[in-house]
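Working notes, structure below.
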Amino acid sequence: MATIEWRSPASEMAVKQFEVAAEKLNLDSNVAARLKRPDRALILSVPTRMDDGRVHVFTGYRVQHNDVLGPFKGGIRYHPDVNLGEVSALAMWMTWKCSLVGLPFGGAKGGVACDPMELSRNELQGMTRRYTAEIFNFIGPEVDVPAPDMGTNEQVMAWVMDTYSQHKGYAVAEIVTGKPVEIGGTLGRREATGRGLVYTIIEAAKHLKIDLARCTAAVQGFGNVGSVAAKQLASVGIKVIALSDRTGGFYDPNGLPVECFLEYAAKNPELRGCPYGEPIGNADLLELKCDILVPAALGMQITKENAGRLKCRILAEGANGPTTLEADEIIKEKEIFVVPDVLANAGGVIVSYFEWVQDLQNFFWTEDEVNKKLRDILTKAFHEVLGVSQREKVGMRLAALMLGVNRVARAMLWRGLYA
Ligand code: NAD
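Heads up: the sequence shown at position 284 corresponds to 283 in numbering that gives the first Met the number 0, and the numbers run straight through without jumps.
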């Protein structure tokens with residue numbers, strides 16, 4: 000990703016993080032050179048018939064970073080800022096994440112530069128189906144299995160599944176994860192990322208000997224990850240004092256009624272107008288005094304400008320890449336305990352793995368089974384990361400990356416170079 004095509008602030012951040020981990024691991028230099036770049040990166044034109052009859056050509060991407068451990072796996076993002084560099088960074092983080100939690104998957108990511116809030120259902124469906132057709136030859140249940148990410152949801156996954164299946168001539172449930180249960184989705188997938196995030200927060204609190212019942216939390220973003228995280232935090236007795244979405248935030252030092260926000264979000268496309276708490280900006284929310292801060296929206300929210308003003312004790316990264324490299328250094332000095340993105344939000348891909356396994360076997364599990372297996376995997380991964388962090392005297396992020404990178408590198412050395 001060092002070459003110009005992939006360059007963006009996000010990809011430079013991902014590559015730099017990798018270089019630090021590679022150096023600490025004393026990684027084979029040939030392997031390191033290979034892992035800095037994705038295996039394959041597609042840039043696609045996605046012509047879409049708009050409701051007014053015009054054809055708008057969106058730009059789409061699918062980046063496959065590494066598949067040494069198994070099929071590529073990674074979400075599809077719909078957001079105006081989607082670009083090749085960002086998708087490449089997200090694909091690389093997926094490789095480390097799958098490896099860290101021991102899944103037989105590699106890392107990928109996809110996206111379309113668009114604002115899904117501005118598109119009608121018809122336009123969204125047309126764009127999704129054409130995007131799927133454009134990547135058809137590069138995905139498959141044993142090749143590359145997409146999933147939801149920011150701006151996409153189970154409806155979008157259902158259209159991806161249907162388009163792929165129409166081309167094949169039969170239902171291929173295992174082509175995507177995060178689908179509705181009615182067409183082969185798994186129980187517990189929709190909640191998996193937020194639920195998993197809270198499992199890791201519980202482990203962090205135990206380690207730090209913090210009583211969660213006395214804790215406060217602030218959550219940025221109220222989509223799939225943020226809303227479920229807020230609900231789960233409240234369910235373990237944590238007072239959620241601030242919530243936000245892209246239209247702004249809400250603050251009440253005595254705690255917000257999370258259930259009411261969930262009801263409001265079920266009926267409205269955005270939180271604007273929700274009648275609870277005082278208004279607060281997204282930037283101010285991050286600087287609130289609270290025990291647990293959960294960024295669960297965009298990347299690069301915590302930077303060298305605001306990191307010094309953070310007042311949380313635990314930073315649990317629901318979003319991918321919410322903290323820049325410079326901010327990381329400042330946070331280290333402030334002794335904030337970081338549960339890094341590749342660990343904190345891995346619940347989504349773990350339950351996506353369960354969904355894929357169930358689809359391949361046509362044998363479905365109960366929600367309790369899903370949640371228990373999710374908790375077991377995340378708890379084990381949390382303690383492995385903590386162990387490396389303590390042994391090597393490095394932060395939790397570097398420890399997580401060292402574990403993730405090392406497994407991939409070992410697999411590459413076993414498999415050797417085909418040339
Ligand atoms: P989503 O589209 O369901 O929700 C995104 C939320 O963020 C919305 O509430 C939106 O209003 C809000 N938002 C957008 N721009 C914002 C801004 N500038 N300030 C504050 N809030 C803003 O997306 P999601 O699936 O919840 O994903 C959120 C983050 O979590 C992303 O970084 C994604 O990569 C990461 N993630 C998601 C999953 C998953 O399973 N969905 C898994 C792992 C990581």
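Even for Gly, the Cβ is constructed at its ideal location relative to N, Cα and C.
- Closest in alpha carbon position to Trp-364, among Ile-291, Leu-186, Pro-278, is Leu-186.
- With a 10 Å radius around the Cβ and a threshold of 16 neighbouring Cβ atoms, Thr-47 comes out buried.
- Boundaries of the beta strand (DSSP E) around Asn-65: 54 to 65.
- The three-state secondary structure of Ala-112, taken from DSSP, is strand.
- A residue is called buried once 16 or more other Cβ atoms fall within 10 Å of its Cβ, and Lys-371, having fewer, is exposed.
- For Ala-212, the Cβ stays outside the 7 Å cut-off from all heavy atoms of ligand 1.
- Using a cutoff of 7 Å, the CB of Asp-251 does not count as near ligand 1, since none of the ligand's heavy atoms is closer than that.
- Relative to Leu-211, the option among Val-197, Arg-308, Gly-220, Gly-222 whose CA is nearest is Val-197.
- When the alpha-carbon of Asp-80 is set against those of Ser-7, His-166, Ala-295, the nearest one is in Ser-7.
- For Ser-243, the distance from the CB to the nearest heavy atom of ligand 1 is below 7 Å.
- Taking C-beta atoms under 8 Å as the contact rule, Leu-292 and Cys-311 qualify, at a distance of about 4 Å.
- DSSP, read as helix, strand or coil, puts Ile-335 in coil.
- Excluding sequence positions up to five before and after Glu-286, its CB lies within less than 8 Å of the CB of Asn-305, Arg-308, Leu-309, Lys-310, all in the same chain and listed in chain order.
- The beta-carbon distance between Pro-321 and Met-116, rounded to whole angstroms, is 21 Å. This is too long to meet the 8 Å contact definition.
- Annotation: the continuous alpha helix (DSSP H) that includes Arg-129 extends over 120 to 134.
- Under the DSSP assignment, Ala-345 falls outside any beta strand (DSSP E); it carries neither an H nor an E label.
- Not one heavy atom of ligand 1 falls within 7 Å of the beta-carbon of Pro-70.
- Just measuring C-alpha positions, the residue of Met-395, Asn-344, Pro-37 sitting nearest Gly-225 is Asn-344.
- Between Ile-174 and Val-144 the beta-carbon gap is near 7 Å, inside 8 Å, which marks them as a contact.
- The beta carbons of Ala-40 and Leu-83 sit about 6 Å from each other, so the pair counts as a contact at 8 Å.
- The residue among Glu-316, Pro-252, Tyr-263, Ala-295 with its C-alpha nearest the C-alpha of Lys-288 is Pro-252.
- Here Ala-318 is actually not in contact with Val-338; their C-beta atoms are around 12 Å apart, not less than 8 Å.
- Comparing alpha carbon positions, the residue from Thr-246, Leu-255, Gln-231 closest to Val-239 is Leu-255.
- By the 16-neighbour rule on beta-carbons within 10 angstroms, Asp-51 is exposed.
- In the structure shown, Gln-219 falls within a strand segment according to DSSP collapsed to helix, strand and coil.
- When the Cα atoms are used, Phe-135 and Glu-334 turn out to be separated by approximately 47 Å.
- Scanning the region 138 to 185 from its first residue to its last, the whole beta strand (DSSP E) runs of 3-plus residues come out as 143 to 147.
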